[in-house]
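At position 297 of the sequence shown the residue is numbered 855 (the numbering used here), and the sequence of numbers has no breaks. A virtual CB, placed ideally from N, CA and C, is assigned to each residue, including glycine.
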Amino acid sequence: MRSFGQSCEAIQRRPAERPLNERAPYAGRAGDWHAVCGEALTLIARGATPQMARSFFEARFTPVALGGEGRLTGYYEPMVQARYYPDAEFSMAIRARPGLSPRGDMSQLIAGLDADRFSGADEARPRAEIEAMNIGVPLAWGRPIDVFFMQIQGSGRLVFDDGSQRRAAFAAHNGHPYVSIGRLLLDRGELPPGQASKHHIENWLVRNGPSAWTPLFNENPRYVFFDLQEIADPNTGPMGSQGVPLTPMASLAVDPAFHAWGVPVFIDGEVSGQGRWNGLVIAQDAGGAITGPVRGDLFFGWGDEAGQTAGRQNSFARWHLLLPNALAARLRRVS
């Protein structure tokens, strides 16, 4: 319920006549959601119990099945050891978007670096060129394997040697397609079938060293730039694409070519660590590998345990969208 309430706050700020997403006409206009969102926020303010939340969704929404079985994977926010200055171990830069100067106290840490040396056009270069040309001001430095996987997740919590933490929040990517290095290793026989989890990939990278991982990383041309942010509440996740904090086991990354932010989705499938699982999640984020109408990525939280669970998540799942009753009735009349 809390996750839906956060989405509702964003929807309530949207003018009533504006579509939730022009590419997802089923979601209607913001005004179709204002009443149910207002009721949800009132319930949350009054301390809604799980049973009250269930009754609310059952009474105010109509489930709409999406055809076929979709695929459900998982993602998380890694905890990444980092340094403000590079050394032999912490040798890969965590970069700001080209042409943008870091904010706050970071400006002192990178004094003397020219943040405007590259234009926004340079961010469209592939990974290998970005690294070779040092495009984008370094915000911090991490171990290469950690930084590469943080880019795949889209954000991370940086833990510095003084114990302080900052969030490396997603700022932009370079527009190149995402290429799975796990798939490359499987296709080349470097990993046995069924063993392309993050754990198995990391073990291969450590065994084979920088001479192998550097060219392999560059075969994934997509590169992610970050923005360094304070962590106001350590018990909340990073901001998703909707601009609201992600909630473990309640936030779903979807394809915005088919879905609108804030739509509740009932998932029925297998979930890593829990077996058969069904639950209500909210479409609040996107991901480069998340394409298609029944393709989702479930947010598992942050840290090593969440990462291990998310890395194992890959199963079929059935989807039901939950739409406000009046909107669902209108869609039935025109279908």
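query	result
To the nearest angstrom, report how far apart Q639 and V821 are at their CA atoms.	35 Å
Looking at the strands, I want to know which residues DSSP matches up with Q639.	V717
Cα-Cα, which of G714, Q711, V737 and R715 is closest to P901?	Absent from the structure is residue 901, since the part of the chain shown begins at 559 and ends at 893.
So, under 8 Å CB-CB, P796 and L804 are touching, yes? Tell me the CB distance rounded to an integer number of Å.	6 Å
Relative to the C-alpha of G702, which candidate in F619, R724, E760 and V622 has its C-alpha closest?	Here residue 702 turns out to be Pro, not Gly, going by the sequence shown. When each option's Cα is compared against that of P702, the closest is E760.
Measuring CA to CA, which of G837, A844 and D855 is closest to F615?	G837
Can you tell which of V782, I789 and R853 has its C-alpha closest to the C-alpha of V812?	R853
Do G589 and E575 come within 8 Å of each other at the CB atom, strictly closer than that value?	yes
If you follow the alpha helix (DSSP H) that S561 is in, where does it begin and where does it stop?	R560 to Q570
Going by DSSP, what residue range makes up the alpha helix (DSSP H) through S809?	Taken as a continuous stretch (DSSP letters only), S809 belongs to no alpha helix (DSSP H), being part of the beta strand (DSSP E) at S809 to A811.
Going by other Cβ atoms of all chains shown within 10 Å of its Cβ, with 16 needed for buried, is L879 buried or exposed?	buried
Of the residues W771, E828, F707 and E777, which one's Cα is nearest the Cα of L630?	E828
Among T867, E863, D862 and G801, which residue has its Cα nearest to the Cα of Q842?	G801
Is G694 near A654, with beta carbons less than 8 Å apart?	yes
What residue range is occupied by the uninterrupted beta strand (DSSP E) comprising A726?	Q723 to H731
Can you check the segment 572-606 for any alpha helix (DSSP H) of at least 4 residues that lies completely inside it and give the ranges in chain order?	589-603
When the Cβ atoms of the segment 562-573 are set against those of the segment 858-877, are three or more pairs found closer than 8 Å?	no
Specify the secondary structure class of T805 as computed by DSSP and reduced to three states.	coil
Should G865 go down as buried or exposed, given a rule of 16 or more other Cβ atoms within 10 Å for buried?	buried
Give the secondary structure of Q787 by DSSP, where H, G and I count as helix, E and B as strand, and everything else as coil.	strand
Name the two residues that bound the continuous beta strand (DSSP E) containing L856.	R853 to W860
Quick one: Cα of R895 to Cα of F874, how far?	Within the shown structure, residues of the chain are numbered from 559 to 893, placing residue 895 beyond reach of any answer.
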